[in-house]
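Start counting the sequence shown at 12; every next residue gets the next number (my numbering).
Below: one structure, written as structure tokens.
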Amino acid sequence: MNSTSSKQHIGEGQRLDPQDWNVFGNDMHKLLDSCLERMQDVRNKPWIPPAEDSKLKVALNDVQKPKATADVFDMTTKDIMPYAGGNTHPRFWGWVHGCGLPVAVGAEIVAATMNCNAGGRRHISAEVEVAVIDWLLSLCNLQGTVPRQSAEDKAFGAIVTGTSQATILAFNCARQQRFGAEVRVKGNSAFPDVAFYAVKGAHSCMARALECCGYGSRSLRLVPAEDGKMNMTVLAEMVAADKAAGIVPMCVVATAGSVNLGEFDNLNAISDFCKENEIWMHIDAAFGFWMVLGEQRLSHLVSGMDNACSIALDFHKWMGVPYDCGAFMCYSKELQRDTFTSRPAYLAQAVGEESAGMAGGDHWMCDYSLELSRGFRALKVWVAIQTVGTDAYSALITDNCNQAEYLGELVKASPVLTLAKDVISNIVCFYPTQQDQKLAPHSGLIAARLQLKGTVTFTTTIIDGRETLRAAFVNHRTTHADVELSVRAVEEEIAAHIAANATAAN
Ligand SMILES: *Cc1c(COP(=O)(O)O)cnc(C)c1O
């Protein structure tokens with residue numbers, strides 16, 4: 012008996028791996044076939060609510076002993092997969108949801124296979140992530156509204172879970188830029204109160220990011236809009252009033268693509284103002300960033316974007332990269348690093364000859380964001396950009412905006428529908444003309460009924476105090492025919508409701 016085998020226990024070292032790779036291979040191929048089938052048949056797969064017994068079915072009971080992979084995969088494809096959020100369907104226009112790219116499923120398989128911890132160390136994931144960041148910067152090379160730390164400094168970024176997280180990173184960088192490294196040690200209480208400014212209707216992640224930064228949502232000033240854009244006169248007044256009160260105007264958040272109406276602030280006006288006043292300019296460009304790829308009338312909406320200090324954007328919406336995936340962009344790589352880096356002994360960077368080992372590597376992404384352990388999100392973006400190509404993405408942006416415009420026209424032409432606001436980009440809000448007089452069903456009821464029928468997913472919002480149906484087009488599967496069908500469905504829903512009420516009244 013040799014010493015190694017004497018210590019080897021039965022099953023040791025392979026308890027969690029497949030016991031039979033041939034069987035596992037078959038299970039995996041079958042699973043992939045089910046996924047491909049679903050993706051291919053997606054037009055017939057609208058949202059369906061979770062089944063009555065789904066809670067029971069998914070509950071984790073009796074997990075002491077393993078179940079066969081084939082059985083668990085079977086439950087996954089039969090009891091879970093059909094009950095998705097519905098956003099893969101061509102007539103899903105709720106909130107701002109991406110519908111996903113089949114090709115990215117391939118990237119996800121590879122990423123899970125590699126299982127890189129993309130937080131640091133010397134492996135290929137950092138190089139792919141930097142390639143994605145460089146590509147973003149090739150579309151929009153951030154210059155900043157405040158000075159850089161050094162002449163060699165340049166823009167950088169990070170791939171993150173989404174715009175909400177990118178916003179937290181941006182606000183941390185803005186604070187660091189204004190107050191210096193000391194703020195990481197002393198915290199906010201050692202420094203003056205601050206103010207952030209955003210247009211009324213800006214996304215709720217601004218307030219949440221300020222809560223996370225310890226500034227509280229009260230530090231957010233909502234600037235009224237004029238023609239859907241931040242009113243610059245009022246902004247200047249608010250900044251002056253804050254300065255007079257000893258409050259530091261820390262950051263102006265421009266919205267490029269508002270969530271309610273797809274409106275765009277005047278980015279050039281805001282960057283001019285920020286430069287003049289040495290204020291950090293951040294842009295919430297969650298979906299609006301991609302107008303940069305649209306035809307001229309659309310890319311015009313984001314003119315001036317490259318003047319900003321930071322941008323938060325999503326890949327999981329318009330680019331169709333599967334959840335979750337967004338990006339943070341920052342005009343100053345040095346500042347970004349200074350804001351987040353933290354290297355205790357066990358994370359020390361190797362130098363000299365040792366740097367050829369795993370503790371080397373040019374970029375440890377943990378230095379540039381809040382996550383240490385993180386997945387290889389960049390891979391699905393890298394695969395998506397190359398397999399789709401920017402020409403197709405450009406056409407998609409234009410298609411979706413044309414579909415929004417078309418929906419607006421159909422609503423205007425409809426005797427029972429009213430358009431809440433002119434269509435600016437890819438979002439349309441409208442309502443049944445007679446909902447106020449209670450003759451027609453209200454928007455929320457129509458939305459729910461059509462969702463349950465699997466016809467179309469509109470969601471609702473409030474515009475000028477009135478509930479409306481809302482459609483956001485970031486869906487590459489949508490066609491003009493889908494738009495027509497959906498307007499007819501809304502009209503039929505209204506007619507049926509009125510008819511039913513008339514019968515009830517008789
Ligand atoms: C979706 C969205 C956000 C939040 O982004 P997440 O990726 O969901 O965190 C912020 N702003 C706008 C305009 C959005 O559409």
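Don't be surprised by glycine CBs; every beta carbon is placed ideally from N, CA and C.
Buried versus exposed, by CB contacts within 10 Å (16 or more), V143: buried
Environment of T401 [buried if 16+ CB atoms lie within 10 Å]: exposed
Reference E193; option with closest CA among D349, A451, I438: D349
Residue span of the beta strand (DSSP E) that contains P260, given as start and end: 259-266
R269 and G212 closer than 7 Å at C-beta: As written in the sequence, residue 269 is Ser, which differs from the Arg given in the question. Result yes, Cβ atoms of S269 and G212 sit closer than 7 Å.
Helix, strand or coil at P113 according to DSSP, with G and I counted as helix: helix
CA-to-CA distance, A206 to L496, given in whole angstroms: 47 Å
Assumed close pair C184, S314 - CB separation to whole angstroms, cut-off 8 Å: Wrong, their Cβ atoms sit about 24 Å apart, outside the cutoff.
Helix, strand or coil at V394 according to DSSP, with G and I counted as helix: helix
D295 beta carbon near ligand 1 (any heavy atom closer than 6 Å): yes
Collapsed DSSP secondary structure at A507 in the structure displayed: helix
Closer than 6 Å: T156 CB and nearest ligand 1 heavy atom: no
First through last residue of the alpha helix (DSSP H) which encompasses H40: 32-51
Beta-bridge partners of R481, as assigned by DSSP: C440, T470
Cα-Cα separation, E274 to D28: 51 Å
Span separating the alpha-carbon of R232 from that of V264: 10 Å
Three-state secondary structure assigned by DSSP to A515: helix
Euclidean distance between Cα positions of K464 and L42: 28 Å
Buried or exposed by the 16-neighbour rule on C-beta atoms within 10 Å, applied to E504: buried
Those runs of the beta strand (DSSP E) which lie wholly inside the segment 299-382 and span at least 3 residues: 321-325, 337-341
Other residues of its chain near H327: CB distance less than 8 Å, five sequence neighbours each side excluded: G109, G173, P333, Y334, D335, C336, G337
Distance cut-off 6 Å: S228 Cβ against heavy atoms of ligand 1: no
Validate contact between the segment 437-455 and the segment 473-484 using beta carbons, cut 8 Å, 3 pairs: yes
Short Cβ contact (7 Å threshold) for P260 with V245: no
Bounding residues of the beta strand (DSSP E) (the contiguous stretch that carries V210): 205-210
Cβ distance (whole Å) where V157 is taken to contact E289 below 8 Å: 5 Å
Between the CA atoms of I438 and L71 - distance to the nearest angstrom: 41 Å
Any non-hydrogen atom of ligand 1 within 6 Å of T214 CB: Position check: residue 214 holds His in this sequence, whereas Thr was assumed. Yes, the beta carbon of H214 sits closer than 6 Å to at least one heavy atom of ligand 1.
Reduced DSSP category for F167 - H, G, I as helix; E, B as strand; rest coil: strand
Where W291 falls, given that 16 or more other Cβ within 10 Å makes a residue buried: buried
Ligand 1 heavy atom lying under 6 Å from the CB of T99: no
Buried or exposed by the 16-neighbour rule on C-beta atoms within 10 Å, applied to D31: exposed
Neighbourhood of M316 by C-beta, 8 Å cutoff - its chain only, sequence neighbours within 5 removed: C151, A267, L278, I294, A296, F300, V303, I322
Own chain residues within Cβ distance below 7 Å of H487, not counting five before or after: C110, G331, L407
D325: CB within 6 Å of a non-hydrogen atom of ligand 1: yes
Bridge partner(s) assigned by DSSP for L428: P443
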